[in-house]
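Engineer: Let me give you the structure first, and then I'll get to my questions.
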Amino acid sequence: MSYPRSRRRGMRSTRRSWAAWSLVMPIFMPPPYSRPLSDYPWTMNPHTLVTQLRSRAESGDSAAMLELANRLHDETDLEDEAMSWWRRAAEAGESEAAFNLGSMLEDDDPEAALAWYEQAATAGHLEAKVNAGALLAEQGAFERATTWWDSAARDGDADAMYNLGQLADREGRAEEAERWWLQAMRHGVEEALENLAAQCEDLHRAEDPRTAPLADLVLATLAEVGLKAPPPIRRNLEQWAVPDTTLR
0 MSYPRSRRRG MRSTRRSWAA WSLVMPIFMP PPYSRPLSDY PWTMNPHTLV
50 TQLRSRAESG DSAAMLELAN RLHDETDLED EAMSWWRRAA EAGESEAAFN
100 LGSMLEDDDP EAALAWYEQA ATAGHLEAKV NAGALLAEQG AFERATTWWD
150 SAARDGDADA MYNLGQLADR EGRAEEAERW WLQAMRHGVE EALENLAAQC
200 EDLHRAEDPR TAPLADLVLA TLAEVGLKAP PPIRRNLEQW AVPDTTLR
């Protein structure tokens, strides 16, 4: 059974959305950088804080390197210095710094971005696993993408679950796609609900006996997690959940 690709939502990552497998639509969303000033009891003055962070960073404090880079990026125009401190922090083992570098380099140097994402992902950084998978999928390296998304999904990441459903759907593994979308839906991913509704419609049009059980499961999951379906989707699911005896 083939599925109309236009009816399936695109891939998800922490900073990009895929409209389709053949079309990438980058959406820039800066990583969460600076910590609140209240985390630094020795000062509440931003200028003094940066001065103290630079002193600590220059003495080899990797956490200070990371936070200094964050604040330089957020609060000044010293972008080159911010990138330099992120590199030093990443080389010292700060996975958040490696993730930030990946995010900053993704558009201009995707290969370098992937290397930083994979460094952060290897250290257990959840968002880096999702983004590494997204970059790899863009390159057609689906097996490597699946490895990172599997790891992120085991850690509870909903975007990874959704993406694994997208990949299974792309490769014609419909029931596996449904299982991943249901998991993503349980974590609040609305696109997963939309894909499941489209899947139910495909099955209904094909007079497939799996239509009613799947629609019923989607409705049960909606009730379980308290997710509200748009009225047209809910009406269709309720209709499809009742077996059509006229087909017998």
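Going by numbering that gives the first Met the number 0, the first residue of the sequence shown is number 0, and it counts up by one from there. Just so you know, even glycine gets a beta-carbon here, dropped at the ideal spot from N, CA and C.
1) Can you tell me where the alpha helix (DSSP H) with K128 in it begins and where it stops?
2) Per DSSP, what kind of secondary structure is P242 in: helix, strand or coil?
3) From which residue to which residue does the alpha helix (DSSP H) around V224 run?
4) Which of the three DSSP states is assigned to M108 in this structure?
5) Since I believe A96 is in contact with A88 (beta carbons under 8 angstroms), could you give me their beta-carbon distance rounded to a whole number of angstroms?
6) Give the list of continuous beta strand (DSSP E) stretches no shorter than 3 residues that lie fully inside the region 62-86.
7) Measuring CB to CB, does W239 end up less than 8 angstroms from A205?
8) Am I right that L65 and E93 are in contact with their C-beta atoms under 8 angstroms? What's the rounded C-beta distance?
9) Using the rule of at least 16 other Cβ atoms within 10 Å of the residue's Cβ for burial, across every protein chain shown, is V188 buried or exposed?
10) Considering Cα atoms alone, identify which of H124, L134 and A211 is closest to D107.
11) Tell me where the alpha helix (DSSP H) around S58 begins and ends.
12) Among the residues of its own chain, which have a CB less than 7 angstroms from the CB of L202, if the five just before and after it don't count?
13) What is the DSSP secondary structure of H46, reduced to helix, strand or coil?
14) Apart from the five residues just before and just after L226, which ones in its own chain have a Cβ nearer than 6 angstroms to its Cβ?
15) Are the CB atoms of A112 and W85 nearer to each other than 8 angstroms?
16) Short check: CB of A191 to CB of W180, under 8 angstroms?
Structural biologist: Walking through what the data contain:
1) L125 to E137
2) coil
3) T210 to V224
4) Note that residue 108 corresponds to Asp in the displayed sequence, not to Met. Looking at D108 - three-state DSSP - the assignment turns out to be coil, as it is neither helix nor strand.
5) 4 angstroms
6) none
7) no
8) 5 angstroms
9) buried
10) L134
11) From DSSP, S58 is part of no alpha helix (DSSP H); its letter is neither H nor E.
12) R209, T210 and L213
13) helix
14) none
15) no
16) yes
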